[in-house]
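Asks: Here's a structure for you.
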Amino acid sequence: MQNNVFDYIRGFGLDFDLATGLSNATATHKRYLSDMRGMYADDSAFDEILKTNDPVVYEFHEMGTPEHAGDLAFGCSITYPGKVADEYFMTKGHFHTILDTAETYLCLSGHGYMLMENPEGDWSGQEFLPGRMVYVPKRYAHRSINIDLKEPLVTFFVFRADAGHDYGTIETKGYRKLLVECDGQPTFIDNPKWK
């Protein structure tokens, strides 16, 4: 017997564009460069861009499932082309509030990487290409990075709906690694600002 309207969700269908990741069913949340203060290594290059422009770095949407155990949250993330100095545009990244939460990402279009790290310092960079899925294990913070300077990186994600997002740890500490362009190639380096 149903005790609460939110304890039960009916099946539903909706559309989203496989090329752009956008859907008529829900609006996206946009993150502008100004929302990414402190995320990039070169603060002066960051400030220089903001003097004339505040581009959208990425946007994402979730498809409205209740945030309860047993339900799945899903949606798309779109990371746009661009760089701050030698560092590619990226999502802020997060841990899940319920740390023992895994997540999957399927690359729909574009070219990039998923940077992952756990609290103990293990890290991995997994390449995104169309049709390639990346599994983010539980206990790993994760960030999408677009290395294509012409096209967006579009991914479809799924995780447990009650997992929540911990952005604060990343805002405070950053990631141990950065992905930068070095001699025309994406290269992982140590983050000089990591705390």
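When we follow the numbering used here, the leftmost residue of the sequence shown carries the number 8, and every step to the right adds one. C-beta: ideal position from N, C-alpha, C; glycine also.
Please report the distance separating the alpha-carbon of N11 from that of T72.
Replies: Note on N11: pLDDT 47, under 50, position unreliable in the model; the coordinate value appears next. Going by the C-alpha atoms only, they are around 15 Å apart.
Asks: Ends of the beta strand (DSSP E) at S51?
Replies: Counting along the chain, S51 falls outside any beta strand (DSSP E), though it belongs to the alpha helix (DSSP H) covering D50 to L57.
Asks: From P159 to V91, what distance separates their C-alpha atoms?
Replies: Taking the straight line from one Cα to the other gives about 16 Å.
Asks: Going by the DSSP bridge assignment, what does H68 pair with across the sheet?
Replies: H68 is bridged to C83.
Asks: Could you tell me the alpha carbon to alpha carbon distance between F67 and I196, rounded to whole angstroms?
Replies: Using only the alpha carbons, I get a separation of about 27 Å.
Asks: With a threshold of 7 Å on Cβ separation, who are the neighbours of L57 within its own chain once the five nearest residues in sequence on each side are excluded?
Replies: Excluding sequence neighbours, L57 sits near L40 and S41.
Asks: Can you check the region 123–190 for any alpha helix (DSSP H) of at least 4 residues that lies completely inside it and give the ranges in chain order?
Replies: Here the runs fully enclosed are 175–180.
Asks: To which residues of the same chain is E203 closer than 7 Å at the C-beta, ignoring the five residues directly before and after it?
Replies: Absent from the model: residue 203. The displayed extent of the chain is 8 to 202, so no value can be given.
Asks: Would you be able to state if there are at least three C-beta pairs under 8 Å between the region 78–87 and the region 43–60?
Replies: Not touching, per the Cβ criterion.
Asks: Secondary structure at L289, three-state DSSP: helix, strand or coil?
Replies: Limits of the chain in this structure are 8 at one end and 202 at the other, which puts residue 289 out of reach.
Asks: Restricting to Cα atoms, I'd like to know which of G128, K145, H101 and S116 is closest to L136.
Replies: The candidate whose alpha carbon is nearest that of L136 is S116.
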